[in-house]
Amino acid sequence: VFVCPGTLQKVLEPTSTHESEHQSGAWCKDPLQAGDRIYVMPWIPYRTDTLTEYASWEDYVAARHTTTYRLPNRVDGTGFVVYDGAVFYNKERTRNIVKYDLRTRIKSGETVINTANYHDTSPYRWGGKTDIDLAVDENGLWVIYATEGNNGRLVVSQLNPYTLRFEGTWETGYDKRSASNAFMVCGVLYVLRSVYVDDDSEAAGNRVDYAFNTNANREEPVSLAFPNPYQFVSSVDYNPRDNQLYVWNNYFVVRYSLEFGPPDPSAGPATSPPLSTT
16 VFVCPGTLQK VLEPTSTHES EHQSGAWCKD PLQAGDRIYV MPWIPYRTDT LTEYASWEDY
76 VAARHTTTYR LPNRVDGTGF VVYDGAVFYN KERTRNIVKY DLRTRIKSGE TVINTANYHD
136 TSPYRWGGKT DIDLAVDENG LWVIYATEGN NGRLVVSQLN PYTLRFEGTW ETGYDKRSAS
196 NAFMVCGVLY VLRSVYVDDD SEAAGNRVDY AFNTNANREE PVSLAFPNPY QFVSSVDYNP
256 RDNQLYVWNN YFVVRYSLEF GPPDPSAGPA TSPPLSTT
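So this is what it looks like as structure tokens:
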């Protein structure tokens with residue numbers, strides 16, 4: 016749907032900062048809809064069941080919501096996305112993805128990720144029931160998770176947003192509980208490792224330190240600084256329409272611009288040998 020802007024080369028300092036009442040959550044736009052509407056879902060343990068729509072960033076800052084959607088289930092984690100007029104989320108205490116149509120306000124689909132760990136078995140580092148994370152990029156809809164068969168390491172599957180059928184699955188070598196978050200760009204899974212408040216064990220700093228290119232079916236070396244002023248990243252979502260990251264970081268809702276360059280990661284395998292995934 017969208018042209019790939021190239022290989023991710025730099026994450027710029029965050030902009031569009033707003034302080035929320037909630038430490039953790041997620042926010043996004045629908046990349047298939049033009050305009051300024053944003054969707055916000057704070058994460059409250061065992062009580063997350065409402066998606067809020069705002070007409071614009073200015074309305075969000077002013078707390079003027081356009082509408083709220085009471086979802087048919089409670090939600091685990093901060094992995095929701097909105098894509099082509101529907102919200103997709105991980106139904107609480109299950110390995111299921113639910114599709115809920117925002118126009119008709121009814122559940123329009125549900126699928127199970129048969130092997131996915133769920134409900135704080137393989138969350139991101141901060142916890143928060145973030146075992147199953149949805150993502151959107153130029154190629155469509157993805158789900159990021161971990162399985163026992165892959166020893167708790169990250170797995171990414173492409174999901175058809177209309178049939179909810181799996182169109183491909185790739186196992187990676189990155190331990191999911193070591194990841195702070197992950198996102199997709201141009202069919203490439205990027206993994207963030209970041210410092211958390213009151214956490215002295217993290218020597219690696221704030222970096223995008225792993226990439227897996229599903230187009231070429233291989234790991235690719237990456238080490239990109241990730242500005243982390245608030246030190247509690249709970250969600251990262253890429254928007255292929257504006258090529259920005261939508262991040263929730265320790266009460267702050269922030270947006271990051273990205274810089275890209277050649278080569279085009281979706282152009283297929285390069286000539287260099289694949290890295291070992293062990």
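So the sequence shown is residues 16 to 293, counted in our numbering.
For every residue, glycine included, the Cβ atom is placed at its ideal position computed from N, Cα and C.
Start-to-end residues for the beta strand (DSSP E) that takes in residue i
i	result
V76	Note, V76: premise wrong, no beta strand (DSSP E); alpha helix (DSSP H) at W72 to V76.
C43	G40 to C43
A197	N196 to V200
Q259	Q259 to N264
S250	V248 to N254
I59	Taken as a continuous stretch (DSSP letters only), I59 belongs to no beta strand (DSSP E), as it is neither H nor E.
Q24	T22 to E34
Y84	T82 to R85
R233	R233 to E235
Per-residue burial, residue i [other beta carbons within 10 Å of its own, 16 or more giving buried]
i	result
S39	buried
S238	exposed
Y244	It should be pointed out that residue 244 corresponds to Pro in this sequence rather than to Tyr. Under this definition P244 is an exposed residue.
D257	exposed
A78	exposed
G21	buried
I121	exposed
T162	buried
E274	exposed
R180	exposed
T81	exposed
Q48	exposed
P60	exposed
L175	Note on identity: in this sequence residue 175 is Asn, with Leu being the wrong assignment. Exposed is the call here.
A194	buried
D45	buried
L260	buried
V18	exposed
R118	exposed
K25	exposed
A7	Since the first residue of the chain shown is 16 and the last is 293, residue 7 is not available in this structure.
E28	exposed
Y177	exposed
E68	buried
N228	buried
D224	buried
D146	buried
S287	Only weak support is given to the placement of S287: the predicted model assigns it a pLDDT of 37, under 50, and the value that follows is read from those uncertain coordinates. Classification for S287: exposed.
Residue(s) in a DSSP beta bridge with residue i
i	result
A240	R222
V170	Y160 and E186
R270	T30 and Y261
T65	R85
Y205	F198 and A226
V55	W42 and T67
V90	K106
G276	T22
F310	The requested residue 310 is not part of the displayed model; the chain covers only 16 to 293.
Contact test: residue i Cβ vs the ligand HEM heavy atom, cutoff 7 Å
i	result
Y75	This structure lacks the ligand HEM; in fact it carries no ligand of any kind.
Is the segment 59-73 close to the segment 130-140, with three or more CB pairs under 8 Å?
no
Ignoring anything shorter than 3 residues or poking outside the segment 95-161, list the beta strand (DSSP E) runs there in chain order.
96-98, 101-105, 111-116, 121-127, 148-152 and 155-161
Is there contact here, the segment 247-262 with the segment 223-236, by at least three beta-carbon pairs under 8 Å?
no
Segment contact, 8 Å Cβ cut-off, at least three pairs: the segment 141-154 with the segment 192-208
yes
Is the number of C-beta pairs between the segment 112-128 and the segment 86-94 that are closer than 8 Å three or more?
yes
For the structure I just gave you, are there three or more beta carbon pairs, one from the segment 117-132 and one from the segment 163-182, closer than 8 Å?
yes
Stretch pair the segment 207-216 + the segment 102-110: three plus CB contacts closer than 8 Å
no
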